[in-house]
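Worksheet: the structure to be examined is printed underneath.
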């Protein structure tokens, strides 16, 4: 069996000759950093019993295996399945170095298991944690037949240890980690089970499987809740990468770390109710450059401190021996380190983050003068003390006799460019924030790591936020039964608290001042992530993504018109990760891609102010981030200015709210339902003032080729409707549709043939070799440049070489760019031809679409419905396939 152990690079060269006695004399003799500061140790640091707290503690202890052939590289915080051996859970009756500890998991694990994510109950009587093992010694540790991570519970008074999910089959159905007690006694945890997501895959006609994270490295861990006996396991978060480290805030909500891989590839803090409703960003999306000297850090293990601030561990993805710095974060008043909430704008400037200790911690690599922290657990006794798992800074130094010794870091030693870091030596310490002292509780011992600790100390019980099921006034029971939520955007013209509408929202919403054609925002598109299987479920080639895999695969859930004031109310399928795009009258995206996954729970109504300006260094996605600049209707019972008086508003309502309220009373809330078609009818203009604006109907039913959705969805939208666009099935056939103009006099003579493949072909109608029109070949054969794609896709999406006809053959055109100084021969270079389409979207593909615009050379060749189909396909990424199970299997 391959025992997988993590060690630092330096120790791989020196461990066999390290004098272990050196560290024993240093354990209590040095502070946390170099000469420029560190925590103070009590008295001389040698007290045999420097701290005694009369309550039990539980912690994880694991060995460092001394074998260079059995080591893992530096851990990555995005890899959660990793299995290392030797860890056990220990309990002490008192928090004292002299108190004997008891190994409570040894009987089950021996030295063949792993433990992490230890948590304590509110009453302090139970410990819950993730445990994996015992390992099968006949298998490699990464073998899929090894035991999975399971949630276990230990009752301190009775010394009873039990797996929360008792059934072996159910327990092994997924990896379960990061458990935390909810105030009602249930357990919230992170799991690859993906219970609700898997059920939706079945509804979509796909097999059930745990979807991979967006790096396609391991199954995504998402938040689930279960009863204390392991029953009623259900999923409550729907990210496409990991959601982890949940803990409960004083108000009963859950704070957790979310890996937002789609957008800025960072791990920041989110909050939600325990049932997954009211999920929103809490902190940190734009604060990843707040490490030492601007180093990149991420936010993990957030816990609420008794003073109301969050304590979180800050560290990079990898490279710091799995340690980092502990910080206080004022999430009450801040969204980002220097971005206050809307209520504090102009009054507070930050920073929101402050170090929790006075150690000289460096968050980057490879050395930190003050050592590093791996875990922190605050005490709720009013003393402002925190249990920490901490390793001091250590170096490997070779003496004159060639013997390697571990020595503490000093400024002089750290100044040596050849300084070699030693392995970390994590032990448990009690850090007094007020006094800036740090006392040993579980002293570090060479060859052993103590990585997590919790204290069996009661703390205030947070209020219970009950799950919503449609029986209360906060959720609509009809929406619950329909399996949808409702998204309300007050105005898409509200950009981070600024009115971005031409002339202002009051102007664009008034039909007497602005026609529909003059409004930039006309439709909204709901875009859904497509779950990726691992190769054991379905092994497809990366070429299935097409020109770029950056957008993954996407499906479209539906469309709805944007009301004149920029407001939208639209039903969204519950329990899926989705995002939104704002479109123009042609159904083309006019805003940057919204690269954050949203979710709706059944019956939930979620409101946001508006949109976000990307790359401006400010966060959106939290309700307190900005005040809405659009107040809605200014009076009760009156229509909006110059609109149809049949649609009257209540004070503060947006146009979408007013329309939804009336439609729910008369036509089964039809105004809330999306459509697979892109349609607009003017319901707002007062016919007594002017004629209504022209309708728009970009319908799939007008296609002569295969529609990318089901027949049922063409007629009536439901929460299971999906628009799945594969290039081979839905886009390429457009180039082969006959587009002939027939002489009306005889009904037979072809006056003009506008079929795409007639001109965009390397052979003319007489089958003679020709240069394809505009250097663009749209035929359906396999590309000679890339056999994974049809010729038409390769030509449209990739840079190509300009060709000419030479002796009845197509050859690349070359031009002279210089003279070879050695031979005097001309230096020739091919002439590139830029692709006509871009994965950045339809409006970035002007080379193609300009031909079909009014006055363009191809005006009228493609129908509006066909141009809409091409536009939406490009807007979501121009993928070759958008269903992995439609792609060929390797």
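In my numbering, the protein residues as written are 10 to 899. For glycine and all other residues, C-beta sits at the position ideal for the given N, C-alpha and C.
Between residue i and residue j, what straight-line distance do the alpha-carbon atoms span, to the nearest angstrom?
i, j, result
"residue 112", "residue 186", "20 Å"
"residue 134", "residue 663", "51 Å"
"residue 509", "residue 883", "26 Å"
"residue 754", "residue 870", "22 Å"
"residue 779", "residue 770", "7 Å"
"residue 868", "residue 887", "23 Å"
"residue 527", "residue 542", "44 Å"
"residue 804", "residue 617", "41 Å"
"residue 198", "residue 421", "46 Å"
"residue 247", "residue 419", "47 Å"
"residue 475", "residue 631", "22 Å"
"residue 51", "residue 378", "Any reading at residue 51 must be qualified, since the residue scores a pLDDT of 41, below 50, and its modelled position is unreliable; the value itself is stated next. Their backbone Cα atoms lie some 20 Å apart in a straight line."
"residue 277", "residue 306", "10 Å"
"residue 195", "residue 170", "17 Å"
"residue 93", "residue 349", "41 Å"
"residue 116", "residue 435", "24 Å"
"residue 17", "residue 122", "Caution applies to residue 17, whose pLDDT of 33 falls short of 50 and renders its modelled position unreliable; the value that the coordinates give is listed next. Distance between the alpha carbons of residue 17 and residue 122 is about 22 Å."
"residue 417", "residue 308", "28 Å"
"residue 751", "residue 685", "33 Å"
"residue 489", "residue 109", "54 Å"
"residue 54", "residue 449", "Confidence at residue 54 is low in this model, with a pLDDT of 40, below 50, so the placement of that residue should be treated as unreliable; the coordinate-derived value is given next. Their backbone Cα atoms lie some 9 Å apart in a straight line."
"residue 220", "residue 227", "8 Å"
"residue 808", "residue 790", "18 Å"
"residue 387", "residue 393", "8 Å"
Select from the options the residue whose C-alpha is nearest the C-alpha of residue i.
i, options, result
"residue 873", "424, 362, 706, 860", "706"
"residue 768", "317, 782, 759, 757", "782"
"residue 466", "521, 391, 406, 503", "391"
"residue 765", "745, 784, 757", "745"
"residue 795", "219, 715, 555", "555"
"residue 273", "493, 604, 505", "604"
"residue 547", "898, 260, 434", "898"
"residue 537", "826, 511, 567, 431", "567"
"residue 232", "238, 263, 614", "263"
"residue 816", "638, 777, 513, 529", "777"
"residue 238", "162, 318, 697", "162"
"residue 317", "790, 469, 601", "469"
"residue 279", "806, 628, 829, 760", "628"
"residue 549", "208, 891, 578", "891"
"residue 331", "624, 458, 97", "458"
"residue 539", "164, 70, 223", "223"
When the distance is taken between beta carbons, is residue j closer than 9 Å to residue i?
i, j, result
"residue 691", "residue 471", "no"
"residue 590", "residue 534", "yes"
"residue 440", "residue 397", "yes"
"residue 728", "residue 583", "yes"
"residue 324", "residue 267", "no"
"residue 336", "residue 315", "no"
"residue 103", "residue 61", "yes"
"residue 606", "residue 271", "yes"
"residue 297", "residue 275", "yes"
"residue 141", "residue 155", "yes"
"residue 732", "residue 599", "no"
"residue 595", "residue 880", "yes"
"residue 714", "residue 491", "no"
"residue 431", "residue 405", "yes"
"residue 173", "residue 192", "no"
"residue 160", "residue 136", "no"
"residue 243", "residue 257", "no"
For chain B, check one thing: does any of its Cβ atoms lie closer than 9 Å to the Cβ of residue i?
i, result
"residue 299", "The structure shown contains no chain B, having only a single protein chain."
**Item:** Within the stretch 491–535, ranges of the beta strand (DSSP E) (whole runs, at least 3 residues)
**Value:** Runs found: 493–498.
**Asked** In chain order, which continuous runs of the beta strand (DSSP E) of length 3 or greater are located wholly inside the stretch 638–707?
**Response** Within the stretch 638–707, the complete beta strand (DSSP E) runs of at least 3 residues are 687–689, 705–707.
**Message:** Quick check for students: name the residue ranges of the alpha helix (DSSP H) that lie wholly in the stretch 703–778, counting only runs of 4 or more.
**Reply:** For the stretch 703–778, the continuous alpha helix (DSSP H) assignments of 4+ residues that do not extend past its boundaries occur at 720–724, 741–745, 765–768, in sequence order.
**Asked** Are the stretch 785–802 and the stretch 728–741 touching by the rule of at least three beta carbon pairs closer than 8 Å?
**Response** Segments in contact, yes.
**Asked** So does the stretch 167–183 actually touch the stretch 196–209, counting three or more Cβ pairs closer than 8 Å?
**Response** Yes: the two stretches touch, three or more of their Cβ pairs being nearer than 8 Å.
**Item:** Validate contact between the stretch 512–526 and the stretch 484–493 using beta carbons, cut 8 Å, 3 pairs
**Value:** Two segments are said to touch when three or more pairs of C-beta atoms, one from each, lie closer than 8 Å; by this definition the stretch 512–526 does not touch the stretch 484–493.
**Message:** Taking 8 Å as the cut-off, does the stretch 447–465 touch the stretch 119–130 (at least 3 CB pairs, one atom from each stretch)?
**Reply:** The stretch 119–130 is in contact with the stretch 447–465.
**Message:** Three or more C-beta pairs under 8 Å: does that hold for the stretch 326–343 against the stretch 352–363?
**Reply:** Per the Cβ contact rule, the stretch 326–343 is in contact with the stretch 352–363 (3 or more Cβ pairs under 8 Å).
**Message:** List, from N- to C-terminal side, the beta strand (DSSP E) runs of 3 residues or more that fit wholly inside the stretch 392–437.
**Reply:** Entirely contained in the stretch 392–437, the beta strand (DSSP E) runs reaching 3 residues are, in chain order, 394–400, 403–407, 413–417.
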